[in-house]
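Q: Taking full-length UniProt numbering, I'd label the letters of the sequence shown as residues 1 to 500. Even for Gly, the Cβ is constructed at its ideal location relative to N, Cα and C.
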Amino acid sequence: MLQGRVARKPGKHVRPANGGGERSVPALQVLHGAQGVQLIGNSIAVAGGDVVNNIYHYTPGSAATMGVHDALLAKILEYLGELNFRSIFDENLARRTPGTGRGVIDSDWFKKWLMNLLGGIIWGTGMPGAGKTVLACIVIEHVQKLVEESKSNDICLLFAFCRYTERLMVIDILLAILRQLLERHPQVLPYVRPMYERHKRENTRPSEAEVVDLLRKIATSGLFKQTFYILDGLDEAASDIQVDLLEILTSLPVHFFITSRPLDSLKDLVPNARFLTMIASNSDIALLVDQKINRMSVLRNLMKNAKLKAEVVATISSKSSGMFLLATLHLDMLKGCTNESQVRNALEGLPRGVDGMYDKTMDRIKAFPEHEADLAKRVLIWVTFAQRPLTPEELVRAVSVCPDTFTFDDKLEPASIDSILSLCCGLVQVEADTNLWDIPEDPFLVRFAHYSVAEYMVKNLKLHYQDDPHALITSTCIAFLRHYGFHDVSSRGSHDNQEI
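(1) Comparing alpha-carbon positions, which option in 379, 457, 261 and 385 lies nearest residue 357?
(2) What are the start and end residues of each continuous beta strand (DSSP E) run of 3 or more residues lying completely inside the stretch 380-436, in chain order?
(3) Which full runs of the beta strand (DSSP E) of 3+ residues lie inside the stretch 165-235, going along the chain?
(4) Let's test the definition: count the other Cβ atoms within 10 Å of the Cβ of residue 470 and tell me whether it reaches 16, buried, or not, exposed.
(5) Would residue 189 and residue 371 be called neighbours here (beta carbons separated by less than 9 Å)?
(6) Suppose the cutoff is 6 Å on Cβ atoms and the five residues either side in sequence are ignored; what does the same chain contact list for residue 501 look like?
(7) Using a Cβ-Cβ cut-off of 9 Å, state whether residue 456 counts as contacting chain C.
(8) Taking DSSP as the reference, what is the three-state secondary structure of residue 334?
(9) What residues are listed by DSSP as bridge partners for residue 258?
(10) Just to confirm the assignment, what range does the beta strand (DSSP E) spanning residue 446 have?
(11) Of all the options 399, 394 and 472, which has the alpha carbon lying nearest to the alpha carbon of residue 443?
(12) What is the rounded straight-line gap between the Cα of residue 235 and the Cα of residue 133?
(13) Nearest-angstrom Cα distance between residue 93 and residue 280?
(14) The alpha helix (DSSP H) with residue 156 in it runs from where to where?
(15) Leaving aside the five residues before and after residue 223 along the sequence, list all residues of the same chain whose C-beta is less than 6 Å from its C-beta, in chain order.
(16) Take residue 558 as the anchor and find which of 146, 125, 180 and 147 has the nearest alpha-carbon.
(17) Rounded to whole angstroms, what's the CA-CA distance from residue 423 to residue 375? Just pull it up for me.
(18) Is the stretch 344-359 in contact with the stretch 374-393, if contact means three or more CB pairs nearer than 8 Å?
(19) Taking DSSP's pairing of strands, which residues face residue 328 in a bridge?
(20) Can you name the residues that DSSP bridges to residue 501?
(21) Quick check on the burial criterion: 16 or more other C-beta atoms within 10 angstroms. Buried or exposed for residue 463?
(22) Cα separation between residue 446 and residue 287?
(23) Between which residues of its own chain and residue 254 is the CB-CB distance below 6 Å, once the five residues before and five after are set aside?
(24) Taking the alpha carbon of residue 360 as the point to measure from, which residue in 341, 340 and 334 has its own alpha carbon closest?
(25) With a threshold of 16 other CB atoms inside 10 Å of the CB of residue 166, please say whether the residue is buried or exposed.
(26) List the endpoints of the continuous alpha helix (DSSP H) containing residue 361.
(27) By a C-beta neighbour count over all protein chains shown, 10 Å radius and 16 as the cutoff for buried, is residue 402 buried or exposed?
(28) Compute the Euclidean distance between the alpha carbons of residue 303 and residue 326, then round it to the nearest angstrom.
(29) Classify residue 466 as buried or exposed, calling it buried when 16 or more other Cβ atoms lie within 10 Å of its own Cβ.
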């Protein structure tokens, strides 16, 4: 029930247009002393003369209005797209070796950046495999804890990842950031709603400039005390996208954390950024070695010899040059060792540098029994040259085609994805899909373990295998088409509704 009164108090003096004397126009007070009021509508405009001074948005209070609010929120989220960076975050954070990355989180510069005592842009650069993505996820996790501890919900954290397998456009990333913002902070709905309604009505999509303007408006609205943007893998975006992303995102009034390989040609775009070299410390490498060894029963027993373990840690720390990826592959090369002598011989043969490590890994793969080596070769060819990343099921079926007769028997039980990938010695892995490829049947895709592996394969795979990779892929696709009767129009009737 509405309780209150409409009261007037002295206002300003005005002169009527007909030239009469001044008269007092009392100011109107609405709902003075009202209690338990619920306003159903969009907003209240407080006007003075012909000028609207401010807009006060309300939060609906009834169950009915909350239902409308949630339904609208769901529609807008769907409209903004399904690109999801959180799956990448969760996946990479799970790969973190416990205790690593504290050097950044505990550093004075990071604490000052969080407290706005340092420049707003931090750009961490490192060589391939230095652990930049995992470190970015550690930073995200740390800031996320600050968000959760903020009872007033006035800290905003948004993040994005660029990956070589997903050539995102700038607008894709901006819309994904906006979606993430709306998901985590529904109070920004009144800012997003007008844009959504206009484009839905006109059957159009927002432009880059429009989304950037909206993000800027929200960042300066006073809703948030601090706003953090974290962008990982800038170097994995196309070169023109790199420039556009930097220019757009660094123009926003937010704290910005970037990770990438060194991109010296772009430094002039962010002259006020603080640049940091990202490299795994010896203590972090030692933690990684400990974790990996504990999962290998034979090595774990051998490492009871403290002197031998110290040699392993020191050698891998030295030869990995501060790169987690190299350290991981080095440890993988020790798997087959069954005594101390074999361990020391393997340590002496560990290569330095990324390409040297991949050369050595390819030599290991080719030394497998012929059937296993051939299967690994076909996996590497498919992952390197497929037009899009394959799902685990797609890859298993693709390599199940007989490479000699190019026939396919769907009655045979195929090998598991784990057994197939184990033949690739850590170069290939299964990752969560970000929904970019719109493959609803499977939320996972098969990719190389790192961008640098993909670069190596494109450049060097033909040096290891003389086969024409595209001929293999084409023949395999034809084998599937023949198996399902697509070569014979008269036989297609029984397969028209069959999923391939």
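A: Result, derived from the coordinates:
(1) Counting from 1 along the sequence shown, the entry for residue 357 is found at position 357. Per the Cα distances, 457.
(2) 428-432
(3) 226-232
(4) Position 470 of the sequence shown, counting from 1, holds the residue named residue 470. The residue in question, residue 470, is exposed, as its Cβ has fewer than 16 Cβ neighbours within 10 Å.
(5) Residue mapping note: residue 189 aligns to position 189 of the sequence shown, counting from 1. Residue mapping note: residue 371 aligns to position 371 of the sequence shown, counting from 1. Result no, Cβ atoms of residue 189 and residue 371 do not sit closer than 9 Å.
(6) The structure shown does not extend to residue 501, since the chain is modelled only from 1 to 500, so the question has no answer here.
(7) Here there is only one protein chain, and chain C is not present.
(8) Numbered from 1 along the sequence shown, position 334 holds the residue referred to as residue 334. DSSP places residue 334 in coil when its eight states are reduced to three.
(9) Position 258 of the sequence shown, counting from 1, holds the residue named residue 258. For residue 258, which the question treats as bridged, DSSP gives the partners 123 and 231.
(10) Against the sequence shown, residue 446 aligns to sequence position 446. First-last of the beta strand (DSSP E) with residue 446: 444-448.
(11) Your numbering for residue 443 matches position 443 in the sequence shown. Of the candidates 399, 394 and 472, the one whose C-alpha sits nearest the C-alpha of residue 443 is 394.
(12) Within the sequence shown, the letter at position 235 stands for residue 235. Within the sequence shown, the letter at position 133 stands for residue 133. Using only the alpha carbons, I get a separation of about 12 Å.
(13) What you label residue 93 is simply residue 93 of the sequence shown in a count that begins at 1. What you label residue 280 is simply residue 280 of the sequence shown in a count that begins at 1. Going from the Cα of residue 93 to the Cα of residue 280 covers about 16 Å.
(14) Here the question's residue 156 lines up with position 156 in the sequence shown. No alpha helix (DSSP H) contains residue 156, which is instead part of the beta strand (DSSP E) from 155-161.
(15) The residue given as residue 223 occupies position 223 in the sequence shown. Here the set comprises nothing.
(16) The requested residue 558 does not occur in the structure, where the chain is confined to residues 1 to 500.
(17) Here residue 423 refers to the residue found at position 423 when the sequence shown is read from its first residue. Here residue 375 refers to the residue found at position 375 when the sequence shown is read from its first residue. Whole-angstrom Cα-Cα distance: 8 Å.
(18) no
(19) Your numbering for residue 328 matches position 328 in the sequence shown. Residue 328 is not bridged to any residue.
(20) Lying before the first or after the last residue shown, residue 501 is absent from the chain, which here runs from 1 to 500.
(21) Counting from 1 along the sequence shown, the entry for residue 463 is found at position 463. Flag for residue 463 reads exposed.
(22) As a first step, residue 446 is located in the sequence shown; it is residue number 446 there, counting from the start. As a first step, residue 287 is located in the sequence shown; it is residue number 287 there, counting from the start. Distance between the alpha carbons of residue 446 and residue 287 is about 28 Å.
(23) Position 254 of the sequence shown, counting from 1, holds the residue named residue 254. For residue 254, where only same-chain residues beyond five positions count, the Cβ hits under 6 Å are 219, 227 and 229.
(24) The residue labelled residue 360 in the question sits at position 360 within the sequence shown. Closest option to residue 360, Cα to Cα, is 334.
(25) Here residue 166 refers to the residue found at position 166 when the sequence shown is read from its first residue. Its Cβ being crowded by 16 or more others within 10 Å, residue 166 is buried.
(26) As a working mapping, residue 361 is identified with position 361 in the sequence shown. Residue 361 -> alpha helix (DSSP H) spans 354-366.
(27) Here residue 402 refers to the residue found at position 402 of the sequence shown. Residue 402 comes out exposed.
(28) For the purposes of this step, residue 303 is identified with residue 303 of the sequence shown, where counting begins at 1. For the purposes of this step, residue 326 is identified with residue 326 of the sequence shown, where counting begins at 1. Approximately 20 Å, taken between the alpha carbons.
(29) In the sequence shown, the residue the question calls residue 466 occupies position 466. So residue 466 counts as exposed.
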